[in-house]
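Structure, as structure tokens:
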Amino acid sequence: MEHKLTRGNLLRGMMVFALSVGTSASSFAQGPVANSAQETNDMQERQAKLQQVANDKAGYAATIVQRWENAARAEAAWDESFAASLSQTLMTLQPANLLAAGEAASFDEMMHVLATGKRFAPAALADKLAGRLAVSPLDLGDPGRDLVYTPVAPCRIADTRNAGGPVGFNSIRSFDIDANGAPWFTTQGGFNGPCGIPFGVARAVVVTLTVTQPANGGYLTAWATGAGQPLASLLNFEQGQTIANTTIVPVNPVGALNLSVFVGGGGTHLVIDVQGFFAAPEATALECTNVSTAFVAVPVNIYTNIDAFCAAGYSATGGGHYVDEGTLGFPGVWTFNVPLSNGWRTWVDNQTNGARRVQTWVRCCRVPGR
């Protein structure tokens, strides 16, 4: 177990992290173009401050160190090495970032600038973000939006030449698409067995609708049984013509009959083959694993980072570190953990009398899917 962190140690770690992420290379956006006299004056004053900071970075950094010395001493977080480290870090900043550190309203905000290169979000922006986070998204599995497609081997669920006879002139006939037992689809002239669509789950199907032996020309529409009949035609046909169309049609997942078809014009025989179905996704347990580095011997007085990364397809959700030299660890070993893009980093400052072994681990998770 590592030595317990004090606030001073944590602040040291944040300054080291500031150097590691290249704060010195970052700068704040210039902001919108001024559109009023007041905004023009504000921009001019801002540019003047930036120029002053650029002309005397050392003096401005010293002012910041002096400003927060009393606050740090009050928490027993101040010593000469701390002051030197803070000064060194401040001197690496671009003028805009250094000015932001100097204008910070608190010691924590100043350290936030060092670690991220950014100011705290203004209160108005924070309120907007809080309101945005309060909006609840749609639940996974919303039947109108998040359907998952599953293909099946092409299977005939209906053939009116074998049962039922032709669909009459300007009439509707409904069909079962997910029969779950004998006589299966035989009463519709279809296959005497399952067609791969689970009972009661399909919200839409991929079907091939075939018209054959029509007595006259006409058209065909299809929809979920119990819903409103659509006006758009899925298939137009001429007298005596055999013609097919493969399309996606919503179906009713409950009840004995799920798919309805209307034949406008001349009566005709109808053949229906299913090729796949759409259903709401199923919730799955989060799949997680821990990835650990080897134990690294951290030398004395050399800030060392130990990084662990997740494999492709997994996302880092947390992490930490271990030491293997006893439950009490070693006084003088300071550690600080930060997330990486897809991993976890442990910064180690070893101020003992010899190398100390530290290991980083990262929690890697993914949603397996349907």
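Take this note's numbering: the last position of the sequence shown gets the number 1451, and nothing is skipped along the way.
Don't be surprised by glycine CBs; every beta carbon is placed ideally from N, CA and C.
Here the structure is a predicted model, which is why all the values come from computation and not from measurement.
Given residue i as reference, the closest of the options once Cα atoms are compared
i, options, result
"residue 1235", "1384, 1244, 1288 and 1426", "1288"
"residue 1392", "1425, 1404, 1417 and 1382", "1425"
"residue 1412", "1354, 1329, 1436 and 1344", "1436"
"residue 1044", "1301, 1184 and 1308", "The requested residue 1044 is not part of the displayed model; the chain covers only 1082 to 1451."
"residue 1130", "1307, 1434, 1177 and 1337", "1177"
"residue 1242", "1137, 1339, 1384 and 1295", "1295"
"residue 1320", "1250, 1339 and 1286", "1250"
"residue 1239", "1168, 1185 and 1351", "1351"
Host alpha helix (DSSP H) of residue i (start-end)
i, result
"residue 1179", "1176-1183"
Range covered by the beta strand (DSSP E) that runs through residue i
i, result
"residue 1440", "1437-1447"
"residue 1329", "1324-1331"
"residue 1398", "1396-1404"
"residue 1351", "1350-1360"
"residue 1369", "1368-1373"
"residue 1430", "1424-1431"
"residue 1337", "Run containing residue 1337: none; DSSP gives neither H nor E here."
"residue 1385", "1385-1390"
"residue 1420", "1414-1421"
"residue 1377", "1377-1379"
Exposure label - residue i; buried when at least 16 CB within 10 Å
i, result
"residue 1438", "exposed"
"residue 1334", "buried"
"residue 1310", "exposed"
"residue 1252", "exposed"
"residue 1431", "buried"
"residue 1191", "buried"
"residue 1175", "buried"
"residue 1369", "exposed"
"residue 1448", "exposed"
"residue 1110", "Caution applies to residue 1110, whose pLDDT of 38 falls short of 50 and renders its modelled position unreliable; the value that the coordinates give is listed next. So residue 1110 counts as exposed."
Beta-carbon proximity of residue i to residue j, cut-off 8 Å
i, j, result
"residue 1269", "residue 1259", "no"
"residue 1298", "residue 1347", "yes"
"residue 1292", "residue 1324", "yes"
"residue 1304", "residue 1341", "yes"
"residue 1396", "residue 1423", "yes"
"residue 1466", "residue 1322", "Nothing in the structure corresponds to residue 1466, since the chain is present only between 1082 and 1451."
"residue 1358", "residue 1308", "no"
"residue 1402", "residue 1418", "yes"
"residue 1372", "residue 1428", "no"
"residue 1394", "residue 1444", "no"
is_contact[residue i, chain C] using C-beta, thresh 8 Å
i, result
"residue 1318", "Here there is only one protein chain, and chain C is not present."
Going along the chain, which unbroken runs of the beta strand (DSSP E) with 3 or more residues stay wholly within the region 1241-1300?
The qualifying runs are 1252-1256 and 1283-1293.
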